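I have placed the structure first, in the form of structure tokens, so that the comments after it can refer back to it.
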Amino acid sequence: MHSSSGILRGTGLIIGGFFALFSTLVQSGSAVTPGSKAAGMDACVAPTGEIRRNHMDYLKHDRIKVVQQGVRDVKHSLAECIACHAEPDAVKGGYQPVNGAGQFCNGCHQYVAVSLTCFQCHSKTPETGGPGDDIPTTGNAHEGLKSTSDQRIEPGERGGPLMEELAQLHELSREE
Numbered sequence: 041m042h043s044s045s046g047i048l049r050g051t052g053l054i055i056g057g058f059f060a061l062f063s064t065l066v067q068s069g070s071a072v073t074p075g076s077k078a079a080g081m082d083a084c085v086a087p088t089g090e091i092r093r094n095h096m097d098y099l100k101h102d103r104i105k106v107v108q109q110g111v112r113d114v115k116h117s118l119a120e121c122i123a124c125h126a127e128p129d130a131v132k133g134g135y136q137p138v139n140g141a142g143q144f145c146n147g148c149h150q151y152v153a154v155s156l157t158c159f160q161c162h163s164k165t166p167e168t169g170g171p172g173d174d175i176p177t178t179g180n181a182h183e184g185l186k187s188t189s190d191q192r193i194e195p196g197e198r199g200g201p202l203m204e205e206l207a208q209l210h211e212l213s214r215e216e
């Protein structure tokens, strides 16, 4: 009886070690999709580990600044992320959706079993331009951008959806 429990224990340790090694290899891979603009850049808006842990908080914080306060000079824009991390589509031209199978957003979110709800409303591909447009391919993509913090939406101006409209959109997204 002792020999069979020892074999089971040893087998469990080997299998557990394999999974630990495999998950480390998966998570230590490149943070960018080959062929994307980000692949040729030296830096992102923050170190890779920080972005992996906190990107959802950055995007949510900046979403509040844009939608509720009308501030348009946010550092962590989802559109900027997509513009850098989308992979060119060699067959169809343009870009592959970042939430497509094997693409930048889908790869990590599928690995950690997190639903990607951003793209129920937001574009999955860069909004303008195509491969080789004017976004820099070296250095920090946000370096040298002019601050526009004085461009605020004043009370009474219509700068985006009203809070009631946003609440309705979120309710619709939860129903699906």
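With our numbering applied, the sequence shown closes on residue 216, and no number is skipped along the way.
Backbone N, C-alpha and C fix where the C-beta goes; we use that ideal spot for every residue, glycine too.
Being a predicted model, the structure only gives us computed values, none of them experimental.
Check, Outcome
"To which residues of the same chain is N94 closer than 8 Å at the C-beta, ignoring the five residues directly before and after it?", "A86"
"Which residue wins for smallest C-alpha separation from H162, given the options C84, A123, C148 and G134?", "A123"
"Scan the stretch 86 to 118 and note each continuous alpha helix (DSSP H) run of 4 residues or more that stays entirely inside, going in chain order.", "88 to 109"
"In angstroms, rounded to a whole number, what distance separates the CA positions of I47 and G89?", "38 Å"
"If contact is defined by three or more beta carbon pairs under 8 Å, each pair taking one atom from either stretch, is the stretch 143 to 153 in contact with the stretch 71 to 82?", "yes"
"Which residue comes first and which comes last in the alpha helix (DSSP H) that contains H149?", "F144 to Y151"
"Please say whether V138 and H125 have beta carbons closer to each other than 7 Å?", "yes"
"Could you give the distance in angstroms between the alpha-carbon of C158 and the alpha-carbon of G133?", "24 Å"
"To which residues of the same chain is G50 closer than 6 Å at the C-beta, ignoring the five residues directly before and after it?", "none"
"For L99, I'd like the list of residues in its chain whose CB is within less than 7 Å of its CB, leaving aside the five on either flank, ordered along the chain.", "H116 and L118"
"With a 10 Å radius around its C-beta and 16 neighbouring C-beta atoms as the bar for buried, classify E120 as buried or exposed.", "buried"
"Select from V152, P128 and G80 the residue whose C-alpha is nearest the C-alpha of P166.", "P128"
"Determine the burial state of E204: buried for a count of at least 16 other Cβ atoms within 10 Å of its Cβ, exposed for fewer.", "exposed"
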